[in-house]
Amino acid sequence: MKLIAKNIQLSVADQSQPLLSSVSLQILPGQLHVILGPNGAGKSTLFAVLSGSITPDSGLVTINDKNIASMAPIELSSYRAVLPQAEQIAFSINVREVIELGLYRFSTQGLCRRSSAYQQTNHDKPNNFSIDNAVQAAAEKFMVNHLLDRDYLTLSGGEKQRVHLARVFAQNCDLILLDEPIAALDLAHQFHVLEQLKASAKEGKAIAVVIHDINLALRFADHITLIKDGQIHASDRPDHVINSSTVENVYRIKTEIYRDKSINCMQLRVL
Amino acid sequence: MHGMKPTATRLVQSLLLVAGLFAASIFALSQGAFSIQWSGILDNQTSHHAVFWSIRLPRALLTILVGASLGVCGAAMQGLFRNPLADPSLIGISSGAALGASATIVFAQHLRTIIELPEAISLSLTPLMAFLVGLLVTLVLYQLSSQKGKTNIAILLLAGVAIQAITGAGIGLLTYLADNNELRDLTFWSMGSFNAANWTAVKITSLCVVPSLLLLLTQSKALNAFMIGEQNAFYLGIRVERTKRIIIILTALTIGIVVSVSGIIGFIGLVVPHLIRLLVGANHNFLLPFSALFGAILLLLADTLARTVIAPAELPIGIITALIGGPFFLYLLIKQRRQLLL
């Protein structure tokens, strides 16, 4: 499953500077694609465009060469899963039920079993599919299986975030877009989540993720896209994108790059 | 019920609610100014037969239909607006429907003196107008209170106050124009009553309301997805705008019909889903059907109270539900106080 964005333009009426201009990028299977950029650079807007919830003024987003603007939501949901930045839930609901929401595309509600939309979205439904197993597997991946019967509203911020990650993975898509999935997590869980994402990428999924920690990006990413003022500053292998001059250009802070031998990886130090 | 599987627990709960509805129906049918002998209801020579078959039974059935509708519509609106305070009677949908209905009553009388309306049209005109005005109110409320897929609950409630003021003025004006007969009808609309229940009302209501409620039940998975926001619902595969339109139209339709047969009955749509959520959580797969059953039970009991407390006269049922629901609403406001601060 590959996602290609070509020449995306997006602006809002009352602002002279466009939100996104001439943005082109590819999110490829087998890669953990990290998107970096300062606050307000347009990362979340870009994600909304890539996932089809905002239509750009011009430009094209395709998944496997098919224009996403021509797809129904249920078809899109069989290709890509999205985690936007944290959402509030106003009602008390079990963690199990939150994760189950990710399985909506496998349900028949509102769809006739014989309809082409149903066939389309269930092409990858496993033969032995069971809701309980799917929820359990997703929960184990992000270590929330002990919370399944808890009320979502009683969870901590980090636990809520992991529950939503499990919900997104339960959707079982080959393309996954995650906007700051580790923002509320402690150090150990940050590493655990990134390792899971890396493993999923290795299995062939295409994964794009916004994070802010450049050192974690250098350690885990297969590909880094650096965004500034709604434009792509660089998009390439990590060691080609991150160096002290690009970081200074984008973040306006002096840094140096060094090789950390203990982890055998380039790292960044603020001067 | 600890240690039971969730599905088994839900099954037990739904059986309890069905049994409760059955018990409440028997209770409602047996109570009243006239004391019924059950042995007499099959003998069509007795007044027991007449009271049971032409007064109590249609009234109980109508009460069940209306109670179920108010419970389900309350739960659906709260799911759509993502807030437990969004009750159709509280945010002005019911009073909009009542304005539509009462305007039709007053003007249809005048219209009838000019042209002869076929009975089918004049019978369906009141519910139709109630539906249309209720729909208009719902759409306006949604436009006003919803920004970027989130609901501003303060704006929703304040807009509800404004709409109630406007519809109140409208109904007041109609009261001024109305003659004595119409006046009694209008009072009935603003406080609610099942006094006029008969088999025609039961038939019309069930014909419109039952399909509409069944369709609302099919939206339960979508309503669950709405709990994590409209954007997420779209990512999960839901046609968000279409689903919103379906829920709004079905709710306005149901409330319109219900108001045109029973008047405004407040707070059932607020209290019932709230209590059911405490019992089973917010999963709409259970919340909607359980709210239907519990709404019917609660309204049967309220109507029995309305008929018996000052028998042989009777209270408007809206007074009873407001006396129970008003304090409950204040309690919810206190609980939600922090979120409501502007």
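Residue numbers (my numbering), protein chains in the order written: chain A, 3 to 273; chain B, 11 to 352.
We treat Cβ as the ideally placed atom computed from N, Cα and C, and that holds for glycine.
{"query": "Short of 7 Å in beta carbon distance, which residues of its chain neighbour Ile-330/B, apart from the five on each side in sequence? Order them along the chain.", "result": "Ala-312, Leu-315, Ala-316"}
{"query": "Quick one: is Ser-79/A buried, meaning 16 or more other Cβ sit within 10 Å of its Cβ, or exposed?", "result": "buried"}
{"query": "Assuming the contact rule is C-beta atoms closer than 8 Å, Leu-151/B and Gly-110/B should be a hit. Round their C-beta distance to whole Å, please.", "result": "Their Cβ separation, rounded to whole angstroms, is 15 Å, which puts Leu-151/B and Gly-110/B out of contact at 8 Å."}
{"query": "I'd like to know whether the C-beta of Ile-29/A is nearer than 7 Å to at least one C-beta of chain B.", "result": "no"}
{"query": "Whole angstroms is fine: what's the gap from Phe-304/B's alpha carbon to Leu-31/B's?", "result": "8 Å"}
{"query": "Let's see if you can read the secondary structure: which residues bound the alpha helix (DSSP H) around Gly-106/B?", "result": "103-124"}
{"query": "With three or more C-beta pairs closer than 8 Å as the rule, is the segment 287-307 of chain B touching the segment 20-38 of chain B?", "result": "yes"}
{"query": "Is there contact between the segment 84-95 of chain A and the segment 177-187 of chain A, where contact requires at least three CB pairs shorter than 8 Å?", "result": "yes"}
{"query": "Within 10 angstroms of the Cβ of Leu-280/B, are there 16 or more other Cβ atoms? Answer buried if so, exposed if not.", "result": "buried"}
{"query": "Would you say the beta carbon of Lys-230/A is closer than 6 Å to some non-hydrogen atom of the ligand GDP?", "result": "As far as ligands go, the structure on display features none, and thus does not contain the ligand GDP."}
{"query": "So which residues on chain A does Gln-241/B lean against when the C-beta distance must stay under 7 Å?", "result": "Ser-55, Pro-86"}
{"query": "If Ile-37/A sits next to Val-211/A, beta carbons under 8 Å apart, how far is it from one beta carbon to the other, in whole angstroms?", "result": "7 Å"}
{"query": "Please state the DSSP three-state secondary structure of Ile-133/A.", "result": "helix"}
{"query": "So the alpha helix (DSSP H) Asn-251/A belongs to, where does it begin and stop?", "result": "246-253"}
{"query": "Find the residues of chain A that neighbour Asn-208/B, judging by a C-beta separation of less than 8 Å, and give them in chain order.", "result": "Simply none; closest approach about 37 Å."}
{"query": "By the three-class DSSP mapping on this structure, what secondary structure does Cys-175/A have?", "result": "coil"}
{"query": "DSSP on Asn-208/B, reduced to helix/strand/coil?", "result": "coil"}
{"query": "Whose C-beta lies closer than 7 Å to the C-beta of Glu-192/B among residues of the same chain, with five residues either side of it excluded?", "result": "Ile-115, Val-116, Gln-119"}
{"query": "Under a Cβ-count criterion, where at least 16 other Cβ atoms within 10 Å of its own Cβ denotes burial, should Leu-155/A be classed as buried or exposed?", "result": "exposed"}
{"query": "List the residues that DSSP assigns as beta-bridge partners of His-225/A.", "result": "His-35/A"}
{"query": "So, is Asn-234/B buried or exposed, given that buried needs 16 or more other C-beta atoms within 10 angstroms?", "result": "buried"}
{"query": "Using the DSSP secondary-structure output, state which residues sit across from Ala-210/A in a beta bridge.", "result": "His-35/A, Leu-179/A"}
{"query": "Any beta carbon of chain B sitting closer than 7 Å to that of Cys-114/A?", "result": "Since pLDDT at Cys-114/A reaches only 49, below the 50 mark, its modelled position is unreliable, and no value is offered."}
{"query": "How big is the Cα-Cα spacing for Ala-43/A and Pro-98/B?", "result": "42 Å"}
{"query": "What does Ser-91/A touch in chain B if you count any residue whose Cβ is under 7 Å from its own?", "result": "Correcting the residue identity first, residue 91/A is Ile in this sequence and not Ser. The answer, in chain order, is Met-237, Ile-238."}
{"query": "Pull out every residue of the segment 278-311 of chain B whose Cβ sits closer than 8 Å to any Cβ of chain A, in chain order.", "result": "Arg-287, Gly-291, Ala-292, Asn-293"}
{"query": "Quick check on Gly-44/A: does DSSP put it in helix, strand or coil?", "result": "coil"}
{"query": "Taking 7 Å as the CB-CB limit, is Tyr-186/B close to chain A?", "result": "no"}
{"query": "Using a threshold of 7 Å, state whether the C-beta atoms of Ser-104/B and Ile-327/B are closer than that.", "result": "no"}
{"query": "So, using beta-carbon positions, are Cys-267/A and Arg-239/A closer together than 7 Å?", "result": "no"}
{"query": "Taking 6 Å as the limit between beta carbons, can you name the residues of its chain near Ser-112/B, skipping five residues before and five after?", "result": "Ile-181, Leu-184, Leu-196, Trp-199"}
{"query": "If you follow the alpha helix (DSSP H) that Leu-356/B is in, where does it begin and where does it stop?", "result": "Outside the modelled stretch of chain B, which goes from 11 to 352, sits residue 356/B, for which no answer is possible."}
{"query": "So Ser-94/A contacts chain B; which residues on that side make the cut at Cβ distance below 9 Å?", "result": "Arg-287, Leu-288, Gly-291, Ala-292"}
{"query": "Which residues mark the beginning and the end of the alpha helix (DSSP H) in which Tyr-260/A is found?", "result": "Run containing Tyr-260/A: none in the alpha helix (DSSP H); it sits in the beta strand (DSSP E), 257-262."}
{"query": "In the segment 177-206 of chain A, which residues sit with their C-beta less than 7 Å from some C-beta in chain B, listed in chain order?", "result": "none"}
{"query": "Can you find a CB in chain B that lies within less than 7 Å of the CB of Pro-20/A?", "result": "no"}
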